[in-house]
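Here the structure is laid out as structure tokens; the discussion comes afterwards.
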Amino acid sequence: MSSLYIGSANLSNTGTINGNEYSVKLSEFSSEHQFSEFKRYLKRIREQNNIINVEDNEAVGKISSLLNALKANEMQQSKIIEEHNNSVSFEERTDAGIKRVQDLFRHEFQLFHYQEEAIKNLDYRYKTGHKKHLVVMATGTGKTIVALAYVNAISNRLMSDKPRVLFMAHREEILSQTVLKFLKQCNYNEEDVAKFYAGNKVDEATLQDKKLVVGSVQSLFNRLDILAKLKFDLIIFDEVHHVDEQAKTFFKLFDLASEIGNEVLGLTATPTRTNGVNVLNYFDGDYAFSLPLYQALQNDNLAPFDYYLMYSDELIDFDIDRDEKALTKFMSNEKKIELIYKIIKEDIGLNTPDTSCLIFCPTIENALYIKNQLIAKGIKVDALVSGDENARDRVAIINDFKTKKINYLCVVNIFNEGVDIPEINTIIFMRPTTSQLVFVQQLGRGLRRFEDKRLKVFDIVNNINILKNKKYNPLRYLSSIAKIDGSVDDIIRQPKVIDQLIPDSCNFYIEQSDAKKISGILKEIQKATANNIKNVLVDYKEDKTYEAYCKMINDNFKDPTYMYNKDLAFLDHNAS
């Protein structure tokens, strides 16, 4: 039996015996659960790339030099502050203290360097005759902040404190939050705002006097006649990737925006949809600014994360996009509850009040089932779903989650977009999806930076019949966060190659036995895909009509534009 020492005491006679520091000794015999938990944790630490070997004299020397330089810098700062305090009055020091507090509050709107770069690009484009701008930034990097800062830049350019702005999005949550941000960060007040959403009534007679018009895409589409009479300095399309879902509506609004807006700004984290639609085509084929997810993580613009792939032997042997009833049944059983509870107990901790965990569920029925089962086990949990099921309680539930009255929130189609809670530090994926966009949006809910935050992600839905789900990507967790310089073959031969593809600050964990199973699945996918494509081409040779060609592409390729794409990503496994 082994023993484990936990504590802050130095391993010396003074530290362990005479000093006022404490350590606890755990025996593997008497504290088996705690011992195993720390053993797993230490194993994960050892697997990280940023661990320093204390026997590496060169590395230790560099650290010592840095610490000495830091100490000298702190001493110099203390000396300067002391000299300053001795030379000014108490009142002056108090005023300086107040200013520092004010600066802290103002810090919320201080731009990061990449946001400043985006603003400079937008301003340069305008001055060189460009009217349409597309800003692509990873979820959590502050697209809305860029839009607000650009509004302020236009204000300076026009020498007007209130440029006329039209802001549109597809969700009320986004619109409500955006209005608050405009009121806080720009020079608008409530009297300046016209709201075309959530049943708000807009007085057409006073609309000409409104400086900020905010509305849902559908509501604004229904009032095209009114909008056509207005002129705007800037028109903002938020989450502009929804163009393909509301094509007719979007096109008319976009065409009108080009007429009534001096500039048009599109914001998105994902310009390309899985059906091949690329928003870039509507913005003259040119990005105003782009910050992909991998680069944002590599630059530490987002919170680092640990991704735990937890393979399941249970095969999802049905169409996850069409058979909602089967999906609800598959994800709503005692085995899934025990797995979630095990994650909470062993990996998150039962008594961790700082936990803010989103559980992404596939259906409303499943979310409510998970919620009730976890409540029965003493977990502080609630559910938040789309539709009218708990719309009246939505604000209260989100507030309880923000204030840690509940630590776990089961969600369905709510937190994909528009709701930003930086404190979210854990995500559990229970929703299988064929949409890379949905997956990235859900992951992005936890990537917003927060003090001392490191996101934990637990993926428990990954064993899916690829022949019945042709658009499903079994490596979806890599295709948006990895460097595109590897291949599926590399991962099959050596699963640890994943560590070389993801950002330096992030870690990917998978048990060795599970890695072998996943490699086996990928091999089967490659074989099945190759045979399937051969059969498809044989069938097409027998019927060379245009209709048969369209059916072949749409039925058998994840991305219908794949065959024309010269810049192929290594995860486009459905074609060969």
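Going by our numbering, the first residue of the sequence shown is number 1, and it counts up by one from there. Positions of the beta carbon are idealized from the N, C-alpha and C atoms, including for glycine.
Item checked: D123 (DSSP reduced to helix, strand or coil) -> The three-state reading of DSSP puts D123 in helix, counting H, G and I together.
Check: Which term fits E314, buried or exposed, when burial requires 16 or more other beta carbons within 10 angstroms of its beta carbon?
Finding: Under this definition E314 is an exposed residue.
Next item on the list: Please name the residue, chosen from N152, L280, L166, that lies closest to S160 on a Cα-to-Cα basis.
Entry: Shortest Cα-Cα distance from S160 to any of N152, L280, L166 involves N152.
Checklist line | Residues bridged to K195 (per DSSP) | finding: According to DSSP, which records beta bridges pairwise, K195 is partnered with V214.
Next item on the list: Note down the Cα distance separating I119 from Y341, rounded to an integer number of angstroms.
Entry: I119 and Y341: Cα-Cα distance of roughly 46 angstroms.
Notebook entry, point to check: Taking the C-alpha atoms as reference points, what is the distance between E319 and K468?
Noted result: According to the sequence shown, residue 319 is Asp rather than Glu. Each residue's alpha carbon lies about 6 angstroms from the other.
Check: Going by the C-beta, is D203 closer than 7 angstroms to any heavy atom of the ligand ZN?
Finding: Judged by which ligands are present, the structure shown has none, so any question about the ligand ZN falls away.
Notebook entry, point to check: Mind pulling the beta strand (DSSP E) runs of 3 or more residues that sit fully within the region 139-185?
Noted result: Correct list: 165-169.
Next item on the list: Between the Cα of S27 and those of Y41, K43, I6, L42, spot the shortest distance and give me the residue it belongs to.
Entry: Minimum Cα distance to S27 is reached at I6.
Check: What is the rounded straight-line gap between the Cα of D459 and the Cα of I154?
Finding: Cα atoms of D459 and I154: separation of roughly 44 angstroms, rounded to the nearest angstrom.
Item checked: Rounded separation between L148 and L447 - CA only -> Answer to the nearest angstrom: the Cα atoms are 21 angstroms apart.
Checklist line | R40 versus E346, V461, I464, T144, residue with shortest Cα-Cα distance | finding: Comparing Cα-Cα distances from R40 to each of E346, V461, I464, T144, the minimum goes to E346.
Next item on the list: Using the Cα positions of D321 and R431, report the straight-line distance between them to the nearest angstrom.
Entry: Each residue's Cα considered, the two are about 11 angstroms apart.
Check: By DSSP, does F251 sit in helix, in strand, or in coil?
Finding: Helix.
Item checked: Alpha-carbon spacing of L265 relative to K71, whole angstroms -> Roughly 47 angstroms separates the two Cα atoms.
Item checked: Within 8 angstroms, strictly: CB atoms of P292 and C506 -> P292 places its beta carbon 8 angstroms or farther from that of C506.
Item checked: C-alpha gap between S356 and H33, whole angstroms -> Their backbone Cα atoms lie some 24 angstroms apart in a straight line.
Check: Between which two residues does the alpha helix (DSSP H) carrying Y294 extend?
Finding: Start and end: 293-298.
Checklist line | CB of L256 within 8 angstroms of CB of V214, strictly | finding: No. Outside cutoff.
Notebook entry, point to check: If you draw a straight line from the C-alpha of I344 to the C-alpha of T268, how long is it?
Noted result: Each residue's alpha carbon lies about 33 angstroms from the other.
Next item on the list: Pick helix, strand or coil for K470, following the three-state DSSP scheme.
Entry: K470 falls in the coil class under three-state DSSP.
Notebook entry, point to check: CA-CA distance, H170 and S258?
Noted result: Here the alpha carbon of H170 sits roughly 19 angstroms from the alpha carbon of S258.
Margin query: Does N405 pass the burial test, meaning 16 or more other C-beta atoms within 10 Å, or should it be called exposed?
Written below: Before going further, note that residue 405 is Lys rather than Asn in the sequence given. So K405 counts as exposed.
Item checked: Residue from F232, K210, K252, I236 with nearest C-alpha to R223 -> Checking every option, the nearest Cα to that of R223 belongs to K252.
Next item on the list: Taking Y369 as part of the alpha helix (DSSP H), name the residues at either end of that continuous run.
Entry: Counting along the chain, the alpha helix (DSSP H) containing Y369 begins and ends at 364-376.
Check: From L220 to K181, what does the alpha carbon distance come to, in whole angstroms?
Finding: So the two alpha carbons sit approximately 21 angstroms from each other.
Check: By a C-beta neighbour count over all protein chains shown, 10 Å radius and 16 as the cutoff for buried, is H133 buried or exposed?
Finding: Looking at its Cβ environment, which holds 16 or more other Cβ atoms inside 10 Å, H133 is buried.
Notebook entry, point to check: Hey, out of I359, F254, Y114, whose CA is closest to F289's CA?
Noted result: Among I359, F254, Y114, the Cα nearest to that of F289 is on Y114.
Check: Going by C-alpha distance, which of E263, F254, T270 is nearest Y282?
Finding: Residue F254 is the option with its Cα nearest to Y282.
Checklist line | alpha helix (DSSP H) runs wholly inside the region 413-464, at least 4 long, in chain order | finding: You should have 436-444.
Check: Can you tell me the Cα-Cα spacing of N301 and I397, whole angstroms?
Finding: Cα-Cα distance, rounded: 29 angstroms.
Next item on the list: Return the chain-ordered list of same chain residues with a C-beta closer than 6 angstroms to the C-beta of I236, the five sequence neighbours on each side being excluded.
Entry: If the five residues before and after I236 are omitted, its C-beta is found closer than 6 angstroms to the C-beta atoms of A147, F167, L265, all from its own chain and listed in chain order.
Item checked: Between the CA atoms of K195 and S216 - distance to the nearest angstrom -> Rounded to whole angstroms, S216 and K195 show a C-alpha spacing of 9 angstroms.
Check: Going by Cα to Cα distance, which pick from Y287, K456, L437, V461 is closest to H130?
Finding: When the alpha-carbon of H130 is set against those of Y287, K456, L437, V461, the nearest one is in Y287.
Margin query: Taking the alpha helix (DSSP H) that K336 belongs to, which residues open and close that run?
Written below: From DSSP, the alpha helix (DSSP H) with K336 extends over 334-342.
Next item on the list: Pull up the distance between the alpha-carbon of G486 and that of P503, whole angstroms please.
Entry: In this prediction, G486 has a pLDDT of 45, which is less than 50 and means its spatial position is unreliable; what the coordinates show is noted afterwards. As the crow flies, the alpha-carbon of G486 is around 14 angstroms from that of P503.
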